[in-house]
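Chemist: Got a structure here, written out as structure tokens. Questions coming.
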């Protein structure tokens, strides 16, 4: 789909916007345009202007203006996505929600928090924890990502195995529609069957259906205790079998994280050879609950992992020890970056029974393409971050070769009943494979829904529905 | 919105359908039309013909034919809804999925079950339990309701406090669209961010967006143990305070069920005065998990309830004892029917902090209208079944008076941030209040979505979008 030329040059656009929001909320400064051109992925395109919304009224006024003048609007949260989802590929306005960053209230008596979209996920967790409650979704970037972006991508994380993804925690939304209308749906209610699931329409819609300006989020009583086991196995298939065995014996850990040989080797290089005892796979099991419960379950799981062939098991029974293990786990990503290679982090998902086949496929892909492949991630969900480690990614020839490798990976994933994205979204990164992934009927439904809410196709244009 | 007269008389319609499905799948017999005219609510309207689909191909062929000929189609699962949702109020075809009742597979290795829509919810639970897994959603009608209807209404139940409603367990759907196209979305994957949340579009859409022909459902490892406390409190406000206290101290019970004085009195009349010790409120707390965990948490909760003023607490520590308590709990509904009055069961929801205010409002409504009001239900969710007990409901004058009382109830609910339905859906029963409940912007979005997928408005016409 072609983009039509914008009706205003950037300077005119900015001055027109000054009649809508205050001057301090508008920028065409080169460095501001630059930081709002990209996210953590590789695509980049500058907006004509950045508007920093400070209220729902601002968002509504900007969208009303944009829809009356056919100006593309790309909403941006914290800008730490992995797929180019907030890159304003057709220019126009970047509408930042970063200044709408207030926690409006934490209400244990109703089991909810009410927040603006720019609130950093980790800050919400900390605020809920302070009053004995918890917001479970825990994307790895939780210290820098914001709730608005989490909702736009329906973000996941390790604990989603037990607690579910972001969608399970959104009870109410205020959303500004593409034409500027303000929709309020849901509320501080833990069940609600009043009409269709409008929250679901916007959660995961990657900024293409509306702009979230407020969210009412479900909190849960914070589990009193947690504990972890970090086990090393001689081979990956033993660790994968342990995942099946644990779940099949009635345990529902809060996290089950698996790591392959390549990643472990990189981690040993970064962190020291003695950090992980010898072995080709690593498995983290985290449980939570009441103190006595966690204590006895940890012992059960310890014995189970031993009997399943773990060659070394580390116990973490208090908060500090658990955080230490998670800190090591978070280093995996940096360890891969230490290789000096470009890391193409693909958050693919397979049916849980296919973990071993996935890693075997990754090995064969590595042999076929010469591109090392590192796998680690959320084993319980089958959501394994599969990282293609590419040398000289800036070279167009290399990039084309990497795309061919990705094509082989995604084709295998889809043939095996998997998904090309589990938690990062489609954005620009997965756009070339979206037709293959969805199929024609699903695309038809997507386009019909888009047409229903954004017939001018102004919200986040150029993404996966503009094929 | 007016209905246009159907293009065929019933006999012609039936004979035209014979070219599409086999004769044994079509009925115009009076007793079949009668049983397919209504559900557990009070509205009734016969279809012209009933078609019993036996495959996705049947559903697709019927919808293709219906859309080409502008014939209304109302899908029917087990027909045990509480709001008239499957009543074919504009005649036409009732499309029954009752014969599509196969569990296609239970796959612990992937943590999923794949089922046809006509599978009875309790049968799925039993089949999952047999292999050590569980399907948590537990509507009270689970022995007679079907998965297709559960998905159409996004059904809840007591355990949804801990485990979430039906939507949290739908990982994949096959849906036939109003024009006969077959959509497959999602799969046996515990995370999936490929495009918009199409599962959410259909889950809870009350048969107005498509016909579900297959579902891939999330299973969880069956908790090894469960246990319950059934406590009597002198007054309702003490029981409601206990709900807050339990959740605020880090417990997340699988169920928290509260009962008011009126309901208790009716239960004592049905079951004997000695079944419940003296007291004006009853609270059930159910927990589940590993054996040792459940044992120690039960003791903690016992002491907590004592300190919060419970005058009598019964412990249930094994499966049989728990089932006995649930059996008594299920008798509450029958106890209310024993009164000889018509029970208007409204599944309203309030913010959890407003339980006491709700029950106080119910008492004032009773005084104002002369209609007794019985409250009991899912206290942890704020989803309290509020039953208006009406004498001579068949008398139009009485019905009008009852509607006035419902209007007072729903107006209060909405003014207090509540919802007019938590798990039953809107159907015909709540249709008069849907505009007030949703507001104009939400209605606009609903209509736009309906227009996108069912522009001829043939699926389940006459319901809450045909105002």
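Residue numbers (our numbering), protein chains in the order written: chain L, 21 to 487; chain S, 21 to 487. The C-beta atom is built at its ideal place from N, Cα and C for all residues, glycine as well. Predicted model only: the values in this text are computed from it and were never measured.
Could you check whether the Cβ of residue 454 (chain L) sits closer than 8 Å to any Cβ belonging to chain S?
Modeler: Judged by the 8 Å Cβ criterion, residue 454 (chain L) is in contact with chain S.
Chemist: In whole angstroms, what separates the C-alpha of residue 160 (chain L) from that of residue 350 (chain L)?
Modeler: Their backbone Cα atoms lie some 8 Å apart in a straight line.
Chemist: Give a yes or no on whether the C-beta atoms belonging to residue 276 (chain S) and residue 400 (chain S) are separated by under 8 Å.
Modeler: Closer than 8 Å, so yes.
Chemist: Got a sec: which bits of the stretch 205-220 of chain L sit with their beta carbon under 7 Å from any beta carbon on chain S, in order along the chain?
Modeler: Residues 205, 207, 208, 209, 210, 211, 212, 213, 214, 215, 216, 217, 218 and 220.
Chemist: Would you list, in chain order, the members of the stretch 145-156 of chain L that have their beta-carbon closer than 8 Å to a beta-carbon of chain S?
Modeler: Result list: 152.
Chemist: Going by beta carbon distance, what residues of the same chain come within less than 6 Å of residue 22 (chain S), once the five residues before and after it are set aside?
Modeler: For residue 22 (chain S), the predicted model reports a pLDDT of 49, less than 50, meaning its position is unreliable; a value from the coordinates is still stated below. Correct list: empty, nothing qualifies.
Chemist: For residue 190 (chain L), which residues in chain C fall below 8 Å Cβ to Cβ?
Modeler: Checking the listed chains, one finds no chain C in this structure; the protein chains it contains are L and S.
Chemist: Do you know offhand how far residue 263 (chain S)'s Cα is from residue 89 (chain S)'s?
Modeler: Approximately 54 Å, taken between the alpha carbons.
Chemist: DSSP has residue 248 (chain L) in a bridge; who is on the other side?
Modeler: Note: residue 248 (chain L) sits in a beta bridge opposite L:306 and L:336.
Chemist: Using 8 Å for Cβ pairs, my map puts residue 382 (chain S) next to residue 370 (chain S). What's the rounded Cβ distance?
Modeler: Not confirmed; about 11 Å, so no contact.
Chemist: Evaluate the contact criterion for the stretch 243-260 of chain L versus the stretch 170-183 of chain L: three or more CB pairs, one atom per stretch, below 8 Å.
Modeler: At 8 Å Cβ cutoff, the stretches do not touch.
Chemist: Between the Cα of residue 266 (chain S) and those of S:324, S:253 and S:429, spot the shortest distance and give me the residue it belongs to.
Modeler: Among S:324, S:253 and S:429, the Cα nearest to that of residue 266 (chain S) belongs to S:324.
Chemist: Please tell me whether residue 364 (chain S) has its Cβ less than 8 Å away from any Cβ of chain L.
Modeler: Not closer than 8 Å to any Cβ of chain L, the Cβ of residue 364 (chain S) fails to qualify, so no.
Chemist: Chain S beta carbons: is any one of them nearer than 8 Å to that of residue 133 (chain L)?
Modeler: No, residue 133 (chain L) does not count as interfacial toward chain S.
Chemist: Alpha carbon to alpha carbon, how far is residue 367 (chain L) from residue 82 (chain L)?
Modeler: Residue 367 (chain L) and residue 82 (chain L): Cα-Cα distance of roughly 34 Å.
Chemist: Flag this pair as touching only if the stretch 331-343 of chain S and the stretch 375-389 of chain S have three or more C-beta atom pairs under 8 Å; answer yes or no.
Modeler: Short answer: they don't touch.
Chemist: Could you tell me which chain S residues have their CB closer than 8 Å to the CB of residue 201 (chain L), listed as they occur along the chain?
Modeler: Per Cβ cutoff of 8 Å: 461 and 464.
Chemist: Which residue or residues does DSSP assign as beta-bridge partners of residue 125 (chain L)?
Modeler: The partner list for residue 125 (chain L) (beta bridge, DSSP) reads L:134.
Chemist: What does residue 430 (chain S) touch in chain L if you count any residue whose Cβ is under 7 Å from its own?
Modeler: By Cβ distance, chain L contributes nothing, its closest Cβ being about 11 Å from residue 430 (chain S), past 7 Å.
Chemist: Specify, as a first and last residue, the run of the alpha helix (DSSP H) that residue 282 (chain S) falls within.
Modeler: Start and end: 281-291.
Chemist: Starting from the beta carbon of residue 180 (chain L), find every residue of chain S whose beta carbon is closer than 9 Å, and list them in chain order.
Modeler: Correct list: 210 and 211.
Chemist: Pull up the DSSP beta-bridge partners for residue 63 (chain S), would you.
Modeler: For residue 63 (chain S), which the question treats as bridged, DSSP gives no partner whatsoever.
Chemist: My output table needs one value for residue 366 (chain L): the three-state DSSP class, helix, strand or coil.
Modeler: Correct three-state label for residue 366 (chain L): strand.
Chemist: Name the residues in the stretch 253-276 of chain S whose C-beta lies less than 8 Å from a C-beta of chain L; which are they?
Modeler: Listed by position along the chain: 264, 267, 268, 269, 270, 271 and 272.
Chemist: Just reading off the alpha helix (DSSP H) that residue 255 (chain S) is part of, what are its end residues?
Modeler: Neither: residue 255 (chain S) is in no alpha helix (DSSP H) and is coded neither H nor E.
Chemist: Any Cβ of chain L within less than 8 Å of the Cβ of residue 304 (chain S)?
Modeler: Closer than 8 Å: no.
Chemist: Is there a Cβ from chain S that is less than 8 Å from the Cβ of residue 469 (chain L)?
Modeler: For residue 469 (chain L), the answer is yes, since a Cβ of chain S falls inside 8 Å of its Cβ.
Chemist: DSSP on residue 353 (chain S), reduced to helix/strand/coil?
Modeler: Of the three classes helix, strand and coil, the one that applies to residue 353 (chain S) here is helix, per DSSP.
Chemist: What are the start and end residues of the beta strand (DSSP E) that includes residue 234 (chain L)?
Modeler: Where residue 234 (chain L) is concerned, the enclosing beta strand (DSSP E) stretches over 231-238.
Chemist: For a cutoff of 8 Å on Cβ pairs, would you count residue 472 (chain L) as touching chain S?
Modeler: Yes, residue 472 (chain L) counts as interfacial toward chain S.
Chemist: Cα separation between residue 396 (chain S) and residue 241 (chain S)?
Modeler: Each residue's Cα considered, the two are about 30 Å apart.
Chemist: Please name the residue, chosen from S:223, S:137 and S:123, that lies closest to residue 99 (chain S) on a Cα-to-Cα basis.
Modeler: Per the Cα distances, S:137.
Chemist: Roughly how far, in whole angstroms, is the beta-carbon of residue 129 (chain L) from the beta-carbon of residue 172 (chain L), given that I think they are within contact range, below 8 Å?
Modeler: About 29 Å; that fails the 8 Å criterion.
Chemist: Quick check on the DSSP output: the alpha helix (DSSP H) that includes residue 149 (chain S) runs from which residue to which?
Modeler: First-last of the alpha helix (DSSP H) with residue 149 (chain S): 141-150.
Chemist: Taking Cβ to Cβ, would you say residue 155 (chain S) is nearer than 8 Å to residue 237 (chain S)?
Modeler: In this structure, residue 237 (chain S) lies closer than 8 Å to residue 155 (chain S) by Cβ.
Chemist: Helix, strand or coil for residue 16 (chain S) per DSSP?
Modeler: Residue 16 (chain S) lies beyond the residue range present for chain S, which begins at 21 and ends at 487; the question has no answer from this structure.
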